[in-house]
Amino acid sequence: MPQLIPFYFVNQLSFSFLTLLALIYIFSKYILPLFTYQQVVRMYITKLSNK
Amino acid sequence: MASKTAAAAVDFARIYSKLGLGKETVASLQAFRKRHADAQRIHAQLSSQPTTVDVAHYRNILKNKSIVDEAEKILKDFKPVTYDVGAHVKAIEVFEAKAVENARVTEKKIDEELKDLQATLANIEEVRPFDELTVDDVGSAHPHITKAVETMVKKGKWTVPGYNEKFGNLSLM
Chain A
75 MPQLIPFYFV
85 NQLSFSFLTL
95 LALIYIFSKY
105 ILPLFTYQQV
115 VRMYITKLSN
125 K
Chain B
15 MASKTAAAAV
25 DFARIYSKLG
35 LGKETVASLQ
45 AFRKRHADAQ
55 RIHAQLSSQP
65 TTVDVAHYRN
75 ILKNKSIVDE
85 AEKILKDFKP
95 VTYDVGAHVK
105 AIEVFEAKAV
115 ENARVTEKKI
125 DEELKDLQAT
135 LANIEEVRPF
145 DELTVDDVGS
155 AHPHITKAVE
165 TMVKKGKWTV
175 PGYNEKFGNL
185 SLM
């Protein structure tokens, strides 16, 4: 039944959405803040050493 | 009593010089010691004096024997007044208990301070050079940085103003 072919991709679609959501969550919560943290700390200790 | 033997073994010269006591404390401690020494001296003086009266001697010297008899009678009838020292002893014991407790509290405080100082000393000894410092070290030394970063991220502020000017930008895009 060729009219059903698009539905064969539903599992792939749903899994890719789920993976995307998980990646966004993990990056925004655990990985990307570390870069900001590092930048803040760098600025802080640079200011400390310039004092 | 353990506290009494401890009090007897106190090295006062060390207490005056080493413990860093306040002037008032040292002065009152010295006054107390002086009082104690005076009391001991007076006690020794008085206890070395004779407590008996040689009545026969006076009987030989004096002509008026009836006076001697009377004096002897009065002497025999004399009874020293007894004081109830229980209250004083109790007060002293209460004072001692308080002093011992104070000393214990001070000891505990000093112990805590010592522990703090030891921690500081360990910190100083284990200090690393500046280029071995990690981000987490700085974060744990200044927790307000961690909090600031959290609020920055919550507000959607991901960059630090002036960072790129100072350290350059390594991103390819």
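Chains A and B are the protein sequences, given in the same order. The working numbering applies: residue 75 is where the first sequence begins, and numbers increase by one. The working numbering applies: residue 15 is where the second sequence begins, and numbers increase by one. Each residue gets a CB set at the ideal place from its N, CA and C atoms; glycine is no exception.
Whole-angstrom distance between B:ILE106 and B:MET15, CA atom to CA atom: As a position in the second sequence, residue 15 of chain B is number 1, starting the count at 1. As a position in the second sequence, residue 106 of chain B is number 92, starting the count at 1. Summary for B:MET15: the model assigns pLDDT 46, below 50, so the residue's position carries little reliability; its value from the coordinates is reported in the next sentence. When rounded, the distance between both Cα atoms is 14 Å.
Please return the same chain residues whose Cβ sits closer than 7 Å to the Cβ of A:SER123, not counting the five positions on each side in sequence. Position 49 of the first sequence holds residue 123 of chain A. Result list for A:SER123: empty, nothing under 7 Å.
A:TYR118 touches chain B at which residues, Cβ-Cβ below 8 Å? On the first sequence, position 44 is the one that residue 118 of chain A refers to. Those are VAL152, HIS156 and ILE159, listed as they occur along chain B.
Are A:GLN112 and B:THR173 close, meaning C-beta to C-beta below 9 Å? Looking up residue 112 of chain A in the first sequence gives position 38. Looking up residue 173 of chain B in the second sequence gives position 159. At a Cβ-Cβ threshold of 9 Å, A:GLN112 and B:THR173 do not count as neighbours.
Contact set between B:MET166 and chain A, taken where Cβ atoms lie within less than 7 Å: In the second sequence, counting from the first residue as 1, residue 166 of chain B sits at position 152. Taking the beta carbon of B:MET166 as reference, the chain A residues within 7 Å of it are THR110, listed in sequence order.
Exposure label - A:THR110; buried when at least 16 CB within 10 Å: By 1-based counting over the first sequence, the position of residue 110 of chain A is 36. Flag for A:THR110 reads buried.
Could you tell me how far apart the beta carbons of B:VAL141 and A:TYR118 are, in whole angstroms, since I believe they sit closer than 8 Å? Start at 1 with the first residue of the second sequence, and residue 141 of chain B comes out as number 127. Start at 1 with the first residue of the first sequence, and residue 118 of chain A comes out as number 44. Actually they do not touch by this definition, with Cβ atoms about 18 Å apart.
Any alpha helix (DSSP H) of 4 or more consecutive residues that is wholly inside the segment 88–124 of chain A: For the segment 88–124 of chain A, whole alpha helix (DSSP H) runs of length 4 or above, ordered along the chain, are 106–124.
With a threshold of 8 Å, are at least 3 pairs of Cβ atoms found where one atom belongs to the segment 94–111 of chain A and the other to the segment 120–138 of chain B? Result no; under three Cβ-Cβ pairs closer than 8 Å.
Whole angstroms is fine: what's the gap from B:ARG28's alpha carbon to B:SER154's? Sequence index remark: in the second sequence, residue 28 of chain B carries index 14 (1-based). Sequence index remark: in the second sequence, residue 154 of chain B carries index 140 (1-based). Taking the straight line joining both Cα atoms gives about 41 Å.
Return the chain-ordered ranges of every alpha helix (DSSP H) run that is complete within the segment 46–115 of chain B and spans a minimum of 4 residues. With a minimum length of 4 residues, the continuous alpha helix (DSSP H) runs that stay inside the segment 46–115 of chain B are 69–75 and 79–91.
Where does B:GLU38 fall in DSSP's three states? Position 24 of the second sequence, counting from 1, holds the residue named residue 38 of chain B. It is helical.
Please return the same chain residues whose Cβ sits closer than 6 Å to the Cβ of A:PHE83, not counting the five positions on each side in sequence. Within the first sequence, residue 83 of chain A is the residue found at index 9, counting from 1. Leaving aside the five residues that flank A:PHE83 on each side, none in its chain has a CB nearer than 6 Å to its CB.
Distance CB(B:VAL69)-CB(B:ALA85) smaller than 9 Å: The residue labelled residue 69 of chain B in the question sits at position 55 within the second sequence. The residue labelled residue 85 of chain B in the question sits at position 71 within the second sequence. A contact, by the Cβ cut-off of 9 Å.
From the beta carbon of B:PHE144, is the nearest beta carbon of chain A less than 9 Å away? Residue numbering aside, residue 144 of chain B sits at position 130 when the second sequence is read from its first letter. By this cut-off, B:PHE144 is an interface position.
Assign B:ILE159 to buried or exposed, taking buried as 16 or more other Cβ atoms, counted over all protein chains shown, within 10 Å of its Cβ. Numbered from 1 along the second sequence, position 145 holds the residue referred to as residue 159 of chain B. Answer is buried; the Cβ neighbour count reaches 16.
Quick one: any contact between the segment 174–182 of chain B and the segment 32–46 of chain B, if contact means 3 or more CB pairs under 8 Å? Too few Cβ pairs lie closer than 8 Å, so no.
Would you please verify whether the beta carbon of A:LEU97 is less than 9 Å from any beta carbon of chain B? The residue given as residue 97 of chain A occupies position 23 in the first sequence. Not one chain B Cβ lies under 9 Å of A:LEU97.
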